[in-house]
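Residue numbers (numbering that gives the first Met the number 0): 0 to 218.
C-beta: ideal position from N, C-alpha, C; glycine also.
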Amino acid sequence: MPICPLCQDSRPSRFLTDKKRSYFRCPRCQLVFADLHSQLPPQAQQQRFNKLNPARQKQLSLFINVLIEQLAGITSGPLEGLNFGGLLPDSVVTLLQQQGYSLSQYDPFLAPDHTVLRHSYDFVCSYRVFEHFNYPLREWALLCRTLKPGGFLAISTRLLTDPQQFAKWHYKNNPAHVSFYCQETFEYLAAHHGFTLLFAANDLILMQKAAESDITRTP
Ligand SMILES: [Zn+2]
Numbered sequence: 000m001p002i003c004p005l006c007q008d009s010r011p012s013r014f015l016t017d018k019k020r021s022y023f024r025c026p027r028c029q030l031v032f033a034d035l036h037s038q039l040p041p042q043a044q045q046q047r048f049n050k051l052n053p054a055r056q057k058q059l060s061l062f063i064n065v066l067i068e069q070l071a072g073i074t075s076g077p078l079e080g081l082n083f084g085g086l087l088p089d090s091v092v093t094l095l096q097q098q099g100y101s102l103s104q105y106d107p108f109l110a111p112d113h114t115v116l117r118h119s120y121d122f123v124c125s126y127r128v129f130e131h132f133n134y135p136l137r138e139w140a141l142l143c144r145t146l147k148p149g150g151f152l153a154i155s156t157r158l159l160t161d162p163q164q165f166a167k168w169h170y171k172n173n174p175a176h177v178s179f180y181c182q183e184t185f186e187y188l189a190a191h192h193g194f195t196l197l198f199a200a201n202d203l204i205l206m207q208k209a210a211e212s213d214i215t216r217t218p
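Quick look at the structure:
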């Protein structure tokens, strides 16, 4: 059996095998993940994402605008943010700048500028990206490092709300989707990495990094 790619627990059990893949579930963080051996090769993933998708950009733009509106209600002053995964057009970034927000962008295929990952930000958003992580612990650690103490992490991914319905869940049938999270998964991450889980519902998870320390505890 594989170890959990998020919390490294050694006890995941087989959860489901369908026509295409096997899935495992971790008893500790409740992550459901697809068998690594049945995942898309990197080249196929790149072909899938190596193009701008206007519909997705529009959704991402909406997501960031709603997020900024919410953050403006609970914080003050100009905010520096990072968009992790996906790419907004320059025109949207300029509009945000005019409102006093700066937004850096990183995407492994569309904007692979690693220098932006060396800075730390007041907020980091990740729209429909977490489900693509083969090694979510690695990406999680990276995102933790890019957040300032007290910073906000906003994630959009569909939550697995009823594990009994997983076999019928259309979200798992996309071969590029490999990691599936429950609310309990984010509760686990918050508790073990010094975050407060502010909100966790379908398509929006909002967490705040502890202000007093940016040291993350080992899982
Ligand atoms: Zn786990």
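* Use the C-beta contact count for Arg10: other C-beta atoms within 10 angstroms, 16 or more gives buried, fewer gives exposed. => Counting the other CB atoms within 10 Å of its CB gives Arg10 a total below 16, which places it among the exposed residues.
* To do: Quick one: grab the DSSP three-state call for Asn82.
  => Here Asn82 sits in strand by DSSP.
* To do: Closer than 6 Å is what we want: which residues have a beta carbon that near any heavy atom of ligand 1? List them in chain order.
  => Here the residues close to ligand 1, judged by CB distance below 6 Å to any of its heavy atoms, are Cys3, Leu5, Cys6, Asp8, Cys25, Arg27, Cys28, Leu30 in chain order.
* Can you tell me which of the three DSSP states Gln207 falls into? => Three-state DSSP puts Gln207 in a strand.
* **Paired residues, beta bridge with Ile154 - DSSP** => Its beta-bridge partners are Ser125, Ile204.
* Nearest residue (CA-CA) to Gln182, options Gly85, Lys167, Met206 -> Looking at the Cα atoms, Met206 is the closest of the given residues.
* Asked: With burial defined as no fewer than 16 other Cβ atoms inside 10 Å of the residue's Cβ, what is the status of Asn173: buried or exposed?
  -> Around the beta-carbon of Asn173, fewer than 16 other beta-carbon atoms lie within 10 Å, marking it exposed.
* Apart from the five residues just before and just after Thr160, which ones in its own chain have a Cβ nearer than 8 Å to its Cβ? -> Cβ contact annotation for Thr160 (same chain, cutoff 8 Å, sequence separation greater than five): Cys181, Gln182, Asn201, in chain order.
* **Thr195 - partner residues in DSSP beta bridges** => Answer is Gln207, bridged to Thr195.
* With burial defined as no fewer than 16 other Cβ atoms inside 10 Å of the residue's Cβ, what is the status of Gln29: buried or exposed? -> Taking all protein chains shown into account, Gln29 has 16 or more neighbouring C-beta atoms within 10 Å of its C-beta and is therefore buried.
* Asked: Alpha carbon to alpha carbon, how far is Val92 from Leu102?
  -> Rounded to the nearest angstrom, the two C-alpha atoms are 6 Å apart.
* Is the beta carbon of Pro4 sitting closer than 9 Å to the one on Phe194? -> Judged by beta-carbon spacing, Phe194 lies beyond the 9 Å limit of Pro4, meaning their Cβ atoms are not closer than that value.
* Asked: If you run the structure through DSSP and keep just helix, strand and coil, what is Gly72?
  -> Here Gly72 sits in helix by DSSP.
* With C-beta atoms as the reference, is Gly85 less than 9 Å away from Gln104? -> Yes, they are a contact pair.
* To do: Measure how close the beta-carbons of Gly150 and Phe129 come, nearest whole angstrom, since I'm counting them as under 8 Å.
  => Gly150 to Phe129, Cβ: 17 Å. No contact.
* What is the C-beta distance between Ser178 and Phe32, in whole angstroms, given that I count them as a contact (C-beta under 8 Å)? -> Contact flag correct, Cβ pair sits at about 5 Å.
* Asked: Under a three-way DSSP split, which group does Pro148 fall into?
  -> It is a strand residue.
* **Status (buried if at least 16 other CB within 10 Å, exposed otherwise) for Tyr170** => The Cβ neighbour count for Tyr170, taken over all protein chains shown within 10 Å, is under 16; the residue is labelled exposed.
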